[in-house]
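Written out below as structure tokens is the structure these notes cover.
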């Protein structure tokens with residue numbers, strides 16, 4: 075049964091130094107507040123997993139929380155580069171960042187294998203590209219039925235997955251709708267999970283097409299209204315595109331970023 | 241026909257014209273998304289737009305900034321999970337056209353969006369990476385690419401093959417068992433390129449109005465082949481320009 079905790083307590087208890095941590099949300103429902111709480115609590119040596127490490131991972135990487143990133147597209151969608159990510163890869167600032175690079179199809183299937191309790195997934199992908207030569211977790215496999223050469227990718231089973239959703243009830247059953255990306259797979263693949271939600275309600279009202287994560291697959295639920303901002307939560311608030319554009323200025327410069335970080339963590343300049 | 245337009249507007253309009261009505265198109269963000277949304281307004285009302293966030297048949301009223309803007313989900317025929325969009329919809333070859341951008345493109349239509357520089361571990365520039373592109377390039381019926389033409393972007397050989405085009409020439413896709421035809425069209429701010437039917441090398445087949453051949457040659461980092469019957473792209477119509485400008489403002 076999921077425990078209802080504050081965000082501070084959930085991150086404090088469930089995210090440890092050196093953990094493999096996935097924060098998922100495909101543009102929509104990105105658990106930004108939870109990522110920033112990880113920064114505040116000063117976690118180090120994390121292996122961060124995420125298909126589209128956007129600005130919340132730029133912030134975590136810039137704050138020195140991560141030693142490795144497993145990903146498939148690292149940019150600020152529609153805006154440009156993630157400058158903290160670039161700085162870490164190109165100049166080891168503030169700490170070196172190892173990368174394990176995939177395609178979206180590969181990452182999605184790694185979560186599917188993880189959620190399915192299987193050691194690997196198979197897809198018709200990566201053929202002809204230079205990615206397999208740089209990434210140990212992409213291997214050829216022969217179909218035992220047809221002989222076709224396909225690609226195998228190993229399961230992703232994070233120590234902890236964090237997602238954001240619209241609602242949960244008091245038992246910790248979670249409901250999310252709209253673009254639901256790989257959140258269900260990422261939660262089911264993880265050893266532990268934290269779901270931050272816009273609100274906790276007495277009873278979940280059924281919604282067509284919504285994904286329900288039952289309380290018994292979720293470790294902790296934390297009520298964090300606005301916890302996905304500047305991304306969005308369908309039915310609650312819209313994506314703040316201007317904030318993504320504004321991040322480009324902050325992320326571009328080490329000093330500007332450090333000012334931002336000090337403000338977040340309450341350090342006086 | 242209008243004479244009052246920019247090279248970027250000509251590029252978006254030429255890219256939009258390449259999409260015919262009734263087809264399905266897997267859309268990348270940025271220039272491809274702009275062109276696909278213009279096509280839907282201009283001449284292809286039954287163009288099915290598919291975004292990798294899981295939005296099938298999106299009909300946005302304004303241009304999304306990202307592939308997962310709420311507008312795409314709210315207007316879609318269906319919203320599915322990301323594993324589903326790649327495994328059920330893209331991989332079996334259900335999508336006619338993949339529409340991609342690139343940071344670097346070589347003469348055989350191979351795309352680099354990963355690193356600039358020859359050392360992957362010590363790159364000159366770290367780019368965003370693959371996203372959905374490798375499998376889009378592999379599995380869509382055909383691939384259109386749109387990007388601004390410059391010697392830095394149009395290189396003899398890409399530094400990293402993120403998404404496979406025609407490899408090192410005709411027949412490479414078949415050898416690898418890639419299901420789709422690969423790149424059949426490249427749209428730039430200067431003109432259009434298509435793979436040569438014999439060699440698969442990208443060949444300039446059309447220049448946009450007012451562009452000199454010398455400009456296109458200078459903006460290409462390899463010795464650009466030019467079609468014998470080099471044509472001129474029709475200039476944007478007033479209607480196309482009006483629709484594009486409305487789209488950019490909305």
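Protein chains in written order, with my numbering: chain A, 75 to 343; chain B, 241 to 490.
Even glycine gets a Cβ: it sits at the ideal position worked out from N, Cα and C.
These figures come from a predicted structure and were not determined experimentally.
Check whether chain B comes within 7 Å of residue i, counting only Cβ atoms and requiring the distance to be less than that.
i, result
"residue 249(A)", "no"
"residue 313(A)", "yes"
"residue 302(A)", "no"
"residue 254(A)", "yes"
"residue 100(A)", "yes"
"residue 175(A)", "yes"
"residue 198(A)", "yes"
"residue 306(A)", "yes"
"residue 152(A)", "yes"
"residue 244(A)", "no"
"residue 208(A)", "yes"
"residue 138(A)", "no"
"residue 204(A)", "yes"
"residue 186(A)", "yes"
"residue 167(A)", "no"
When you compare the CB of residue i with every CB in chain A, is at least one pair closer than 7 Å?
i, result
"residue 360(B)", "yes"
"residue 366(B)", "yes"
"residue 375(B)", "yes"
"residue 300(B)", "no"
"residue 309(B)", "yes"
"residue 390(B)", "no"
"residue 383(B)", "no"
"residue 487(B)", "no"
"residue 269(B)", "yes"
"residue 321(B)", "yes"
"residue 370(B)", "yes"
"residue 395(B)", "no"
Can you tell which of the options has its C-alpha closest to the C-alpha of residue i?
i, options, result
"residue 361(B)", "209(A), 203(A) and 198(A)", "209(A)"
"residue 345(B)", "391(B), 469(B) and 257(B)", "391(B)"
"residue 313(A)", "253(A), 113(A), 116(A) and 298(A)", "253(A)"
"residue 106(A)", "279(A), 272(A) and 203(A)", "272(A)"
"residue 322(B)", "185(A), 140(A), 196(A) and 139(A)", "185(A)"
"residue 78(A)", "191(A), 309(A) and 275(A)", "275(A)"
"residue 251(A)", "262(A), 243(A), 236(A) and 283(A)", "283(A)"
"residue 353(B)", "428(B), 368(B), 347(B) and 363(B)", "368(B)"
"residue 94(A)", "141(A), 201(A) and 137(A)", "141(A)"
"residue 377(B)", "233(A), 179(A) and 223(A)", "179(A)"
"residue 277(A)", "269(A), 241(A), 290(A) and 264(A)", "241(A)"
"residue 154(A)", "167(A), 128(A), 335(A) and 170(A)", "128(A)"
"residue 260(A)", "164(A), 191(A) and 223(A)", "191(A)"
"residue 433(B)", "372(B), 460(B), 334(B) and 476(B)", "460(B)"
"residue 221(A)", "293(B), 358(B), 417(B) and 289(B)", "417(B)"
"residue 412(B)", "224(A), 216(A), 202(A) and 289(A)", "202(A)"
"residue 336(B)", "260(B), 349(B) and 342(B)", "260(B)"
"residue 477(B)", "326(B), 278(B), 273(B) and 338(B)", "278(B)"
Let me know if residue i comes out buried or exposed under the rule of 16 or more other beta-carbons within 10 Å of its beta-carbon.
i, result
"residue 400(B)", "buried"
"residue 463(B)", "exposed"
"residue 257(A)", "buried"
"residue 219(A)", "exposed"
"residue 295(B)", "buried"
"residue 246(B)", "exposed"
"residue 443(B)", "buried"
"residue 132(A)", "buried"
"residue 216(A)", "exposed"
"residue 75(A)", "exposed"
"residue 161(A)", "buried"
"residue 214(A)", "exposed"
Compute the beta-carbon to beta-carbon distance between residue i and residue j, rounded to the nearest angstrom, for a pair I have assumed lies under 8 Å.
i, j, result
"residue 229(A)", "residue 187(A)", "4 Å"
"residue 194(A)", "residue 175(A)", "Not confirmed; about 18 Å, so no contact."
"residue 255(B)", "residue 275(B)", "4 Å"
"residue 305(B)", "residue 318(A)", "7 Å"
"residue 423(B)", "residue 406(B)", "7 Å"
"residue 373(B)", "residue 340(B)", "6 Å"
"residue 98(A)", "residue 255(A)", "6 Å"
"residue 326(A)", "residue 165(A)", "No, residue 326(A) and residue 165(A) are not in contact; Cβ-Cβ is about 14 Å, not under 8 Å."
"residue 307(B)", "residue 151(A)", "7 Å"
Start-end ranges of the beta strand (DSSP E) lying completely within the region 200 to 225 of chain A, minimum 3 residues: Counting only runs of 3 or more residues that sit fully inside the region 200 to 225 of chain A, the beta strand (DSSP E) segments are 213 to 216, in chain order.
Beta strand (DSSP E) segments (min. 3 residues) lying fully within the region 382 to 436 of chain B: The region 382 to 436 of chain B contains these whole beta strand (DSSP E) runs: 382 to 386, 423 to 427 and 431 to 435.
To test your reading of the DSSP string, which unbroken beta strand (DSSP E) runs of 3 or more residues are found completely within the region 430 to 490 of chain B? As far as the region 430 to 490 of chain B is concerned, its whole beta strand (DSSP E) runs of at least 3 residues are 431 to 435, 442 to 447 and 465 to 472.
Quick one: which unbroken beta strand (DSSP E) runs of 3-plus residues sit fully inside the region 278 to 357 of chain B? Chain order, please. Taking only runs of at least 3 residues, the beta strand (DSSP E) segments lying wholly in the region 278 to 357 of chain B are 288 to 291, 337 to 340 and 344 to 346.
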